[in-house]
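S.K.: Got a structure for you, questions after.
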Amino acid sequence: MQTADVKRRRALSVLAATALGIGGCASRPVALRPRIVVVGAGYGGATAARYAAMWGGEAVDVTLVERDPAFVSCPLSNLVLGGSRTMGDITVSHERIARHGVRLVHDSAIAVDPQRRVVRLARGADVRYDRLVLSPGVDFFFDRIDGLDTPAARERFPHAWRAGAQTVALRRQIEAMRDGGVFAISIPRAPYRCPPAPYERACQVAWYLQRAKPRSKVLILDGNEDVQSKKALFMRAWNEDYRGVVEYRPDCVLTSVDAATGTARFETADDVTADVLNVIPPHGAGAIARSAGVVTANDQWCEVDFLTFESVKVPGVHVLGDAIQVAPLMPKSGHMANQHGKVAAAAVLAALLDRPLNRAPVLNNACYSFINDREAVHIASVHRYDAAQQTFVSVPGATGLSARKSALEGEYGFAWARAIWDDMLG
Ligand SMILES: Cc1cc2nc3c(=O)[nH]c(=O)nc-3n(C[C@H](O)[C@H](O)[C@H](O)COP(=O)(O)OP(=O)(O)OC[C@H]3O[C@@H](n4cnc5c(N)ncnc54)[C@H](O)[C@@H]3O)c2cc1C
């Protein structure tokens, strides 16, 4: 049975062939190849674009729109805050992906018109699509914390939850902090981008302070009732490696900040005044998802059909990565976004080229957290599509956790990053 996309494309091909006087139409005219447009060249989007081009070959036209000049990885960015890695170590050129048949456009997507199937770019051009894939990551709700939505407050309390200029700004604050000062990190309520990453950040900052400013403290102000990932492993690090340096406080739901004094206020917990206050604001799907009309859950995340990652609301628009309303026990991680990218690429090609759809996709996730400059721990899991529940479920017995931190795990963690960057960008 032909999909609606295939029927529409075939009708257009016949019309064009007739107009051009071509009979039989053995190969698809270049101008009529189905157009796949991907917004966001991060973990989800670059993977989707690369695999769509690789698996679709000459039969499709793939365009990847990205606003940043280079890819800067959030994974390993906490090590830049700790000082053992540089921004250069986590920055990769996007240009590599062009070698794989992907047209890379460095521009911002500013609007989507799903009726006309057009993406508007900041520099004025319109890009038409047959299938659109959005992997825009997250945008931050600064206005949900009193006092945070001013230029002074945003400068004073960097989030560094998108790697790049924010990472550099936070590192500068940590370096400038007095010995005996307090670094505090405020974690929003789950679900948030990368559950273990705030705790890894606390370890990295503690590792640096222990050496450079040994009288200083790290306060973890968690908006949740408990540690959200790798709890036993992080608790051991805080109790053994960073005893007297790291303090963990649950139930610290941030309500306001004061840029003049560096004070954080909470729903119920006591006020905290810190020398460096790293506020991770609540966040949701990147803004372009809102323009496309695909933000459907709590005005925050995008619900998708998990067989195809197509929006449940807007046909022809697929959403990946951190922007989606995740399935149970599915983390918002780079590895998971990379997996979404492959399932979505295959599903888009199935719709456009009349190929069979995989009705039983399986995803996996491995997440390394660095305890110091070279030792890491990991958690791994497998998620299978369950047709009855129409969602992904975690495969029992497949979840694995390191027994303890080790340098070997650290080597695997660095190798994981290199491998996934190659998988995304070629
Ligand atoms: C400190 C930290 C540590 C982390 N550590 C790990 C880890 O160890 N392992 C792991 O698996 N995950 C980790 N993560 C999580 C991981 O970074 C995210 O889950 C992942 O980046 C999600 O991929 P994505 O494609 O959804 O978004 P992103 O990778 O953020 O990509 C989104 C891209 O879209 C672009 N974009 C957005 N809007 C537009 C627009 N309108 N026009 C053009 N371009 C646009 C952005 O510039 C960006 O390049 C970490 C996150 C943080 C913050």
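In terms of the working numbering, the sequence shown opens at residue 14 and continues consecutively. Glycine included, every Cβ here is placed at the ideal spot set by N, Cα and C. All values reported here derive from a predicted model rather than from experimental measurement.
If you reduce the DSSP assignment to three classes, tell me which class residue 91 lands in.
M.R.: In the structure shown, residue 91 sits in a helix (DSSP, three-state: H, G or I).
S.K.: Report whether the distance from the Cβ of residue 174 to the nearest heavy atom of ligand 1 is below 7 angstroms.
M.R.: Yes, the beta carbon of residue 174 sits closer than 7 angstroms to at least one heavy atom of ligand 1.
S.K.: For the putative contact between residue 157 and residue 294, defined by C-beta atoms under 8 angstroms, what is the C-beta separation to the nearest angstrom?
M.R.: With a Cβ gap of about 7 angstroms, residue 157 and residue 294 count as contacting.
S.K.: Could you give the residue range of the beta strand (DSSP E) that holds residue 134?
M.R.: 131-134 is the span of the beta strand (DSSP E), which, as asked, contains residue 134.
S.K.: Would you mind sorting residue 328 into buried or exposed? The rule is 16 or more other CB atoms within 10 Å of its CB.
M.R.: Exposed.
S.K.: Is DSSP giving residue 391 helix, strand or coil here?
M.R.: Of the three classes helix, strand and coil, the one that applies to residue 391 here is strand, per DSSP.
S.K.: Okay, do the stretch 379-386 and the stretch 418-432 touch, 3+ Cβ pairs below 8 angstroms being the bar?
M.R.: In short, these stretches touch, since the Cβ pair count reaches three.
S.K.: For the structure I just gave you, are there three or more beta carbon pairs, one from the stretch 73-87 and one from the stretch 401-410, closer than 8 angstroms?
M.R.: Segments in contact, no.
S.K.: Of all the options 372, 399 and 301, which has the alpha carbon lying nearest to the alpha carbon of residue 145?
M.R.: Considering only alpha carbons, the answer is 301.
S.K.: Helix, strand or coil: how does DSSP classify residue 242 here?
M.R.: In this structure, residue 242 counts as coil in the three-state DSSP scheme.
S.K.: Are the CB atoms of residue 208 and residue 143 within a distance shorter than 8 angstroms?
M.R.: Their beta carbons are not under 8 angstroms apart, which means residue 143 does not touch residue 208 by this criterion.
S.K.: Hey, which unbroken runs of the alpha helix (DSSP H) at 4 residues or more fall wholly within the stretch 288-356?
M.R.: Fully enclosed alpha helix (DSSP H) runs of 4 or longer: 300-305.
S.K.: Go through its chain and collect everything with a Cβ distance to residue 272's Cβ below 6 angstroms, but skip five positions before and after it.
M.R.: Result list for residue 272: 165, 166 and 169, in chain order.
S.K.: Hey, is residue 257 close to ligand 1, as in C-beta under 7 angstroms from one of its heavy atoms?
M.R.: Residue 257 Cβ: outside cutoff for every heavy atom of ligand 1.
S.K.: What do you reckon, is the C-beta of residue 389 under 7 angstroms from a heavy atom of ligand 1?
M.R.: Residue 389: no, Cβ never under 7 angstroms from ligand 1.
S.K.: Could you pull out every residue in the same chain whose Cβ sits closer than 7 angstroms to the Cβ of residue 338, ignoring the five residues on either side in sequence?
M.R.: Contacts found: 310, 314, 315 and 316.
S.K.: Any contact of the stretch 185-205 with the stretch 59-67, i.e. 3+ C-beta pairs under 8 angstroms?
M.R.: Contact between the stretch 185-205 and the stretch 59-67 is absent, because fewer than three Cβ pairs lie under 8 angstroms.
S.K.: Applying the 10 Å Cβ sphere with the 16-neighbour rule, what's the burial state of residue 180?
M.R.: Buried, by the Cβ-count rule.
S.K.: Can you give the Cα-Cα distance for residue 38 and residue 134, rounded to whole angstroms?
M.R.: Its pLDDT being 34, under 50, residue 38 is placed unreliably in this model, and the value from its coordinates should be taken loosely. One C-alpha to the other measures close to 33 angstroms.
S.K.: Would you grab the beta carbon distance between residue 290 and residue 262 for me? Rounded to a whole angstrom, and I think it's under 8 angstroms.
M.R.: With a Cβ gap of about 14 angstroms, residue 290 and residue 262 do not count as contacting.
S.K.: Just checking my contact of residue 191 with residue 151 at CB under 8 angstroms: how many whole Å lie between their CB atoms?
M.R.: That belief does not hold up - the Cβ atoms of residue 191 and residue 151 are roughly 32 angstroms apart, past 8 angstroms.
S.K.: Near residue 430, which residues of its chain fall below 7 angstroms by C-beta distance, leaving aside the five closest residues on each side in sequence?
M.R.: Here the set comprises 86, 88 and 89.
S.K.: Which residue marks the beginning of the beta strand (DSSP E) containing residue 277, and which one marks its end?
M.R.: From DSSP, the beta strand (DSSP E) with residue 277 extends over 276-279.
S.K.: Excluding five sequence neighbours on each side, which residues of the same chain lie with their C-beta closer than 6 angstroms to the C-beta of residue 123?
M.R.: Closer than 6 angstroms at Cβ, skipping near neighbours: 133 and 135.
S.K.: Just to confirm, are residue 344 and residue 378 a CB contact at a threshold of 8 angstroms?
M.R.: Against a cut-off of 8 angstroms, the Cβ pair of residue 378 and residue 344 comes out as a contact.
S.K.: Please classify residue 381: does DSSP put it in a helix, a strand, or coil?
M.R.: In the structure shown, residue 381 sits in a strand (DSSP, three-state: E or B).
S.K.: Suppose you measure from the CA of residue 252 to the CA of residue 381; what does that come to, to the nearest Å?
M.R.: Roughly 20 angstroms between the two C-alpha positions.
S.K.: Please confirm whether any heavy atom of ligand 1 lies closer than 7 angstroms to the CB of residue 80.
M.R.: Under cutoff, so the answer is yes.
S.K.: Please work out which residues of its chain come closer than 7 angstroms, Cβ to Cβ, to residue 71, disregarding the five sequence neighbours upstream and downstream, and give them in chain order.
M.R.: Excluding sequence neighbours, residue 71 sits near nothing in its chain.
S.K.: So residue 163 is in the beta strand (DSSP E); what residue range does that whole segment cover?
M.R.: Looking at the DSSP string, residue 163 is not in any beta strand (DSSP E), and its letter there is neither H nor E.
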